[in-house]
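Position 108 of the sequence shown, counting from 1, maps to 151 under the numbering used here, and the rest follow consecutively.
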Amino acid sequence: MGKYGHLAMSTDREASELIASDLKEMRDAAKKLVDHAIKLGSFGLGTTILECVASFAAIYLLVLDRTHWRTNMLTSLLIPYIFLSLPSLLFTILRGEIGKWVAFVAVVLRLFFPRHFPDWLEMPGALILLIVVAPSLFASTIKGSWIGVLICLVIACYLLQEHIRASGGFRNSFTKAHGISNTVGLLILFVYPAWALVLDIL
């Protein structure tokens with residue numbers, strides 16, 4: 044009986060050690076899960092915030108170009124940049140019924156009432172039309188991939204070098220009265236694509 048009692052105690056001890064070991068592994072796995080979820084969530088939130096900042100910077104540059112601060116930049120390139128960097132929620136809303144109605148009204152105004160359609164509405168109208176009618180290859184596949192991010196980066200590089208050339212050099216782009224706002228807006232365009240490329244590489 045003593046032999047069986049010793050055997051039962053050693054198996055109980057082994058079982059409790061196994062359970063304690065399993066609980067420790069589960070605790071460690073739960074900590075890793077929470078840590079990874081926080082990291083991925085912050086990366087996703089950071090990317091969304093940077094998409095918003097980049098889109099608003101591009102819209103800001105469009106507004107500046109349509110005011111008295113007109114530049115020699117090819118600002119029509121900002122339309123595909125906004126298309127590719129627009130946050131997903133806003134993009135989905137504009138691609139739905141709301142965007143279709145806005146595009147419909149813009150086309151009707153442009154076709155039948157051209158004198159009542161101001162010139163400054165042409166670029167936003169083109170953006171809405173592009174968002175609504177873009178095939179899903181562009182709207183889903185390229186927009187959310189590294190190809191779309193690379194296109195945004197190329198557009199930002201091209202616009203910045205054109206602005207620097209038109210300003211007469213890098214120093215002049217920061218010292219001229221109207222150059223500072225354009226230069227800062229163009230530098231902000233780099234933030235989202237650079238961040239997204241770093242995340243794709245990692």
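All residues carry an ideal CB built from backbone N, CA and C; glycine is no exception.
Beta-carbon proximity of residue i to residue j, cut-off 7 angstroms
i	j	result
Tyr124	Cys195	yes
His206	Leu229	yes
Pro236	Val192	yes
Ala100	Leu203	no
Leu133	Ile198	no
Gly142	Ile174	yes
Among the options, nearest to residue i - alpha-carbon criterion
i	options	result
Trp238	Leu154, Val96 and Arg214	Val96
Ile122	Ile92, Leu172 and Asp162	Leu172
Val148	Ser128, Thr135 and Ala169	Ala169
Ala313	Lys186, Ile92, Ser128 and Val176	No answer is possible for residue 313: it lies beyond the span of the chain, which begins at 44 and ends at 245.
Per-residue burial, residue i [other beta carbons within 10 Å of its own, 16 or more giving buried]
i	result
Asp108	buried
Glu94	buried
Leu154	exposed
Arg138	buried
Ser128	buried
Ser98	buried
Phe126	buried
7 angstroms CB neighbourhood of residue i in its chain, flanking five on each side removed
i	result
Thr118	Leu104, Leu105 and Asp108
Ile185	Gly191
Span of the alpha helix (DSSP H) around residue i
i	result
Thr218	Phe213 to Thr218
Same chain, Cβ closer than 8 angstroms to residue i, neighbours up to 5 away in sequence not counted
i	result
Ser183	none
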